[in-house]
Amino acid sequence: MKSAANNEQVGDITMMEDRYYVQRLTEQVFLIRERKSAEEGPGPDDRIVRSFVVRHDAYMYADTVNKKQKKLDEHHGHLAQPAI
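Numbering (the numbering used here), first residue to last: 54 to 137.
What follows is the structure, encoded as structure tokens:
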């Protein structure tokens with residue numbers, strides 16, 4: 054399951070306009086990362102938030118925190134406060 058946001062598969066990283074995204078590290082390790090900036094795409098300095106061994110769980114988690122983030126952004130401004 055992929056995020057409902059605009060997604061584009063590039064190598065092992067799913068690029069999204071969302072703050073949190075899934076990066077496939079190995080066949081069995083998926084990282085949730087937080088983008089440093091709304092203006093930039095995923096990068097090596099993005100904070101690692103959590104890891105998963107099940108791909109589906111990683112995408113579900115990223116979708117959930119991105120939904121929470123969107124609600125926070127509506128109240129506090131874009132990227133002002135992290136959801137996690």
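For every residue, glycine included, the Cβ atom is placed at its ideal position computed from N, Cα and C.
Give every residue of the same chain whose Cβ lies closer than 7 Å to the Cβ of residue i, excluding the five residues on either side of it in the sequence, and list them in chain order.
{"i": "Ala115", "result": "Ser56, Tyr73, Tyr74, Val75 and Ile85"}
{"i": "Ala111", "result": "Val75, Phe83, Ile85 and Phe105"}
{"i": "Val63", "result": "Low confidence applies here, because Val63 scores a pLDDT of 41, under 50, leaving its location unreliable and the question unanswered by this model."}
{"i": "Gln81", "result": "Val106"}
Leaving out five residues on either side along the sequence, give the residues of the same chain with a beta carbon under 6 Å from the beta carbon of residue i.
{"i": "Arg103", "result": "Ile85"}
{"i": "Ala78", "result": "Position check: residue 78 holds Leu in this sequence, whereas Ala was assumed. Counting only Cβ-Cβ distances below 6 Å, and skipping sequence neighbours, we find Leu84."}
{"i": "Arg100", "result": "Glu87"}
For residue i, which residues from the same chain have a beta carbon less than 8 Å from its beta carbon, with the 5 sequence-adjacent residues on both sides left out?
{"i": "His129", "result": "none"}
Tell me residue i's beta-bridge partners as DSSP assigns them.
{"i": "Arg100", "result": "Glu87"}
Note down, one range per segment and in chain order, each beta strand (DSSP E) of at least 3 residues found wholly within the segment 64–96. The segment 64–96 contains, as complete beta strand (DSSP E) runs of 3+ residues, the segments 66–69, 73–77 and 83–87 (chain order).
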